[in-house]
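Peer 1: A single structure is presented below for examination.
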Amino acid sequence: MNVQINLNRLMGRIFALGEIGALHGGGVKRLALSDEDRAGRDLVIKWMEEAGLQITTDVIGNTWGVRAGFEDAAPVIIGSHIDTVATGGLYDGALGVLAGLEIIQALNDAGAVTRLPVGIAFFTNEEGARFAPDMMGSGVAQGALDLDEMLSVQGIDGKTVGEELLRIGYAGKASVLALRPHCFLELHIEQGPVLEAESLAIGAVTGVQGISWAEYVIEGQSCHAGTTPMVMRHDAGLVAAQIAVEARAIANDFGSPQVATVGMFDVSPGLVNVVPERAVLTVDLRNTCDETLKKAEERLNRAAEDFAVAQGCKVQRRSLARFAPVKFDLGLVGEIESHAKSLGYSVRLMPSGAGHDAQMFAPNCPTAMVFVPSKDGLSHNINEFTAPEHIAPGVDVLLRVVLGQAELVSQ
Ligand code: GLV
Ligand code: MN
Ligand code: MN
72 MNVQINLNRL MGRIFALGEI GALHGGGVKR LALSDEDRAG RDLVIKWMEE
122 AGLQITTDVI GNTWGVRAGF EDAAPVIIGS HIDTVATGGL YDGALGVLAG
172 LEIIQALNDA GAVTRLPVGI AFFTNEEGAR FAPDMMGSGV AQGALDLDEM
222 LSVQGIDGKT VGEELLRIGY AGKASVLALR PHCFLELHIE QGPVLEAESL
272 AIGAVTGVQG ISWAEYVIEG QSCHAGTTPM VMRHDAGLVA AQIAVEARAI
322 ANDFGSPQVA TVGMFDVSPG LVNVVPERAV LTVDLRNTCD ETLKKAEERL
372 NRAAEDFAVA QGCKVQRRSL ARFAPVKFDL GLVGEIESHA KSLGYSVRLM
422 PSGAGHDAQM FAPNCPTAMV FVPSKDGLSH NINEFTAPEH IAPGVDVLLR
472 VVLGQAELVS Q
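If you want my numbering, it's the 1-based position in the sequence shown plus 71.
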């Protein structure tokens with residue numbers, strides 16, 4: 072086979088994109104629809120144009136570029152995202168998009184003709200760090216999330232998705248469901264410790280666990296920290312702390328794979344000698360079993376209500392994201408596993424702990440993901456790292472699956 076991946080070219084692009092929004096001390100901050108996101112989009116689109124792709128942007132800013140096939144048919148799409156959390160690394164999302172671009176470039180270099188078109192895509196706001204929910208662009212594109220509702224979502228800085236899309240110039244014309252792939256593939260770093268701990272090269276991802284994000288707002292009463300007897304307080308901070316501890320207790324009691332995270336916690340007025348009158352926290356609950364995830368949500372809601380009542384406070388819960396667990400296509404997962412084996416790479420089947428754009432495609436077309444190891448299991452951390460020699464096997468496997476699906480006609 073003459074279609075050859077150029078690992079140096081791929082790594083050069085990962086580092087070049089990583090310079091946009093680079094943080095002192097390493098890592099990157101490219102929050103969705105920020106100026107840095109716009110600059111990242113501009114750069115990737117320039118590369119897509121140089122590769123000769125036919126580029127489309129849809130109404131929520133998802134952008135894809137397609138290399139024509141011998142047949143005018145639905146494309147094999149390789150996609151992921153280029154937005155990051157505020158303390159992100161260079162690989163989360165970017166690897167999947169740029170590995171897809173490298174595969175296209177390798178096809179170009181070889182003068183290859185595929186029966187089906189092959190395209191690459193990046194989706195708006197996969198992270199959900201600025202605007203909840205996560206997987207917003209891919210969710211809208213595949214009909215799982217409502218466009219108008221998503222355009223009116225307010226971010227952590229008060230701006231809406233719709234106004235920020237317009238501001239950065241990425242409110243495109245293509246409609247919801249304009250992207251209808253033959254199949255969808257995503258290469259991603261694992262973002263967890265399993266592959267590294269087991270010294271494995273490849274994860275053939277079987278699906279994604281369910282995700283539930285909620286925001287709790289507790290209203291109490293501020294008063295003097297020195298003069299107010301403990302029994303007379305309506306301490307919103309205390310209720311928030313109890314909810315946070317309960318979230319951990321749920322994860323402990325339910326056991327693996329239940330996880331629970333309080334990632335944002337804010338009390339106000341936030342002064343040393345004032346009992347907090349308001350507290351806001353977010354809780355991220357995940358489980359591979361939807362029934363168990365529902366039980367976790369119910370237990371936390373009941374407990375939040377009880378804690379608030381006991382302190383004479385009010386609590387309100389708002390859902391920020393709710394996605395059921397997703398299973399990937401068994402045939403494609405099998406192809407990933409067998410290509411990995413035939414290339415001599417160690418491989419295991421595994422679920423994904425993180426959310427991914429691929430999960431939004433799974434109900435609509437055959438979909439699967441390839442994982443490569445993450446050093447020390449770290450992600451959403453500026454020290455996120457996957458060595459080039461650990462990236463290469465993932466791109467090799469992805470290329471084989473793409474060629475299997477798109478079919479080489481000539482080269
Ligand atoms: C998305 O990156 C997630 O939080 O899983
Ligand atoms: Mn990601
Ligand atoms: Mn991420």
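All C-beta atoms in this analysis are idealised placements derived from N, C-alpha and C, irrespective of residue type, glycine included.
For the alpha helix (DSSP H) that D361 lies in, which residues bound it at each end?
Peer 2: Here residue 361 refers to the residue found at position 290 when the sequence shown is read from its first residue. Its alpha helix (DSSP H) spans residues D361 to Q382.
Peer 1: Starting from H259, trace the beta strand (DSSP E) in both directions and tell me its first and last residue.
Peer 2: For the purposes of this step, residue 259 is taken as residue 188 along the sequence shown, with counting starting at 1. It spans C254 to I260 - the beta strand (DSSP E) in which H259 sits, taken as one unbroken run.
Peer 1: Over what stretch of residues does the beta strand (DSSP E) that includes Q476 continue unbroken?
Peer 2: The count along the sequence shown starts at 1 and reaches residue 476 at position 405. Taken as a continuous stretch (DSSP letters only), Q476 belongs to no beta strand (DSSP E), being part of the alpha helix (DSSP H) at P459 to A477.
Peer 1: Along the chain, where does the alpha helix (DSSP H) containing S423 start, and where does it finish?
Peer 2: Mapped onto the sequence shown, residue 423 falls at position 352. No alpha helix (DSSP H) contains S423, which is instead part of the beta strand (DSSP E) from V418 to S423.
Peer 1: Give the residues whose C-beta lies closer than 5 angstroms to at least one heavy atom of ligand 2, in chain order.
Peer 2: Every residue passing the under-5 angstroms Cβ criterion appears here: D163 and G164.
Peer 1: Buried or exposed: which applies to N358, given that a residue is buried once 16 or more other Cβ atoms fall within 10 Å of its Cβ?
Peer 2: Here residue 358 refers to the residue found at position 287 of the sequence shown. That one is buried.
Peer 1: Could you name the residues of the same chain whose beta carbon sits closer than 7 angstroms to that of A395, not counting the 5 residues immediately before and after it, in chain order?
Peer 2: Counting from 1 along the sequence shown, the entry for residue 395 is found at position 324. Result list for A395: G281 and D361, in chain order.
Peer 1: When DSSP builds the beta bridges, which residues end up paired with Y287?
Peer 2: What you label residue 287 is simply residue 216 of the sequence shown in a count that begins at 1. Y287 pairs with L352 and R388.
Peer 1: Smallest Cα separation from R238: which of L479, L104 and G98?
Peer 2: For the purposes of this step, residue 238 is taken as the residue at position 167 of the sequence shown. In this structure, L104 is the residue among L479, L104 and G98 with its C-alpha nearest to the C-alpha of R238.
Peer 1: Just the Cα atoms here: how many angstroms apart are M484 and D205?
Peer 2: Nothing can be reported for residue 484: it is not among the residues displayed for the chain, which extend from 72 to 482.
Peer 1: Does the region 250-266 come close enough to the region 441-450 to have 3 or more Cβ pairs within less than 8 angstroms?
Peer 2: Yes, they touch.
Peer 1: Who pairs with V316 in a beta bridge, going by DSSP?
Peer 2: Here the question's residue 316 lines up with position 245 in the sequence shown. None, per the DSSP bridge assignment.
Peer 1: Kindly provide the ranges of any alpha helix (DSSP H) runs that are 4 or more residues long and lie completely inside the region 153-184, ordered along the chain.
Peer 2: 165-180
Peer 1: Using beta-carbon positions only, say whether R138 and G190 come within less than 9 angstroms of one another.
Peer 2: In the sequence shown, the residue the question calls residue 138 occupies position 67. In the sequence shown, the residue the question calls residue 190 occupies position 119. The answer is yes: Cβ separation under 9 angstroms.
Peer 1: Expressed to the nearest angstrom, what Euclidean distance is found between the alpha-carbon atoms of D217 and G132?
Peer 2: Along the sequence shown, read from residue 1 onward, the residue named residue 217 stands at position 146. Along the sequence shown, read from residue 1 onward, the residue named residue 132 stands at position 61. Near 14 angstroms, if we compare the C-alpha coordinates of G132 and D217.
Peer 1: Rounded to the nearest angstrom, how far is the Cβ of A275 from that of E460, given a contact under 8 angstroms?
Peer 2: Position 204 of the sequence shown, counted from the first residue, corresponds to residue 275. Position 389 of the sequence shown, counted from the first residue, corresponds to residue 460. 20 angstroms between Cβ atoms; not a contact.
Peer 1: With respect to 8 angstroms, is the separation between the Cβ of E107 and the closest non-hydrogen atom of ligand 3 below this value?
Peer 2: By 1-based counting over the sequence shown, the position of residue 107 is 36. For ligand 3, no non-hydrogen atom lies closer than 8 angstroms to the CB of E107.
Peer 1: Please state whether the Cβ-Cβ distance between F255 and F442 is less than 9 angstroms.
Peer 2: On the sequence shown, position 184 is the one that residue 255 refers to. On the sequence shown, position 371 is the one that residue 442 refers to. No, they are not a contact pair.
Peer 1: Kindly indicate the opening and closing residues of the alpha helix (DSSP H) around D129.
Peer 2: Counting from 1 along the sequence shown, the entry for residue 129 is found at position 58. Neither: D129 is in no alpha helix (DSSP H) and is coded neither H nor E.
Peer 1: How about V330 and A322: are their beta carbons less than 9 angstroms apart?
Peer 2: As a position in the sequence shown, residue 330 is number 259, starting the count at 1. As a position in the sequence shown, residue 322 is number 251, starting the count at 1. In contact: V330 and A322 (Cβ atoms closer than 9 angstroms).
Peer 1: Would you say the beta carbon of I282 is closer than 8 angstroms to some non-hydrogen atom of ligand 1?
Peer 2: Mapped onto the sequence shown, residue 282 falls at position 211. Set against 8 angstroms, the gap from the CB of I282 to the closest heavy atom of ligand 1 is smaller.
Peer 1: Given 8 angstroms as the limit, tell me if D205 has its C-beta closer than that to any heavy atom belonging to ligand 1.
Peer 2: As a first step, residue 205 is located in the sequence shown; it is residue number 134 there, counting from the start. Result yes, Cβ under 8 angstroms from ligand 1.
Peer 1: Should A215 be listed as close to ligand 1, given that the test is whether its C-beta is under 8 angstroms from any heavy atom?
Peer 2: On the sequence shown, residue 215 is found 144 positions in, with the first residue counted as 1. Checking every heavy atom of ligand 1 against the Cβ of A215, none is found closer than 8 angstroms.
Peer 1: Have a look at A87, A312, H427 and M301 and flag the residue whose alpha-carbon is nearest the alpha-carbon of L169.
Peer 2: Residue 169 sits at position 98 when you count from the first residue of the sequence shown. The option with the nearest alpha carbon to L169 is A87.
Peer 1: I need the DSSP call for S209, collapsed to helix, strand or coil.
Peer 2: Locating residue 209 in the sequence shown gives position 138, counting from the first residue. Assigned with DSSP and collapsed to three states, S209 falls in helix.
Peer 1: Following a CB-centred definition, is E198 positioned closer than 8 angstroms to any heavy atom of ligand 1?
Peer 2: Position 127 of the sequence shown holds residue 198. Answer for E198: yes, Cβ within range of ligand 1.
Peer 1: Within 8 angstroms: the Cβ of A374 and any heavy atom of ligand 1?
Peer 2: The count along the sequence shown starts at 1 and reaches residue 374 at position 303. Not a single heavy atom of ligand 1 lies less than 8 angstroms from the C-beta of A374.
Peer 1: In whole angstroms, what separates the C-alpha of V343 from that of S209?
Peer 2: By one-based count along the sequence shown, residue 343 stands at place 272. By one-based count along the sequence shown, residue 209 stands at place 138. Each residue's alpha carbon lies about 44 angstroms from the other.
Peer 1: Please confirm whether F378 and L309 have their CB atoms less than 9 angstroms apart.
Peer 2: Here the question's residue 378 lines up with position 307 in the sequence shown. Here the question's residue 309 lines up with position 238 in the sequence shown. Yes.
Peer 1: Say yes only if the C-beta of S209 is nearer than 8 angstroms to one or more non-hydrogen atoms of ligand 3, and no if none qualify.
Peer 2: What you label residue 209 is simply residue 138 of the sequence shown in a count that begins at 1. No, Cβ of S209 sits at least 8 angstroms from all heavy atoms of ligand 3.
Peer 1: Would you call the CB atoms of G89 and L161 closer than 9 angstroms?
Peer 2: Sequence index remark: in the sequence shown, residue 89 carries index 18 (1-based). Sequence index remark: in the sequence shown, residue 161 carries index 90 (1-based). Yes.
Peer 1: Measure from the alpha carbon of L356 to the alpha carbon of each residue in A350, T332 and E376, then state which is nearest.
Peer 2: Taking the first residue of the sequence shown as 1, we reach residue 356 at position 285. Per the Cα distances, T332.
Peer 1: To the nearest angstrom, how far is the alpha carbon of I351 from that of A392?
Peer 2: Translated into positions along the sequence shown, residue 351 becomes position 280. Translated into positions along the sequence shown, residue 392 becomes position 321. Per the sequence shown, residue 351 should be read as Val rather than Ile. About 16 angstroms.
Peer 1: DSSP on N358, reduced to helix/strand/coil?
Peer 2: As a first step, residue 358 is located in the sequence shown; it is residue number 287 there, counting from the start. In this structure, N358 counts as strand in the three-state DSSP scheme.
Peer 1: Just reading off the alpha helix (DSSP H) that G233 is part of, what are its end residues?
Peer 2: For the purposes of this step, residue 233 is taken as the residue at position 162 of the sequence shown. Counting along the chain, G233 sits inside the alpha helix (DSSP H) bounded by residues V232 to I239.
Peer 1: Could you check where the beta strand (DSSP E) with D337 kicks off and where it finishes?
Peer 2: Looking up residue 337 in the sequence shown gives position 266. Residues V330 to S339.
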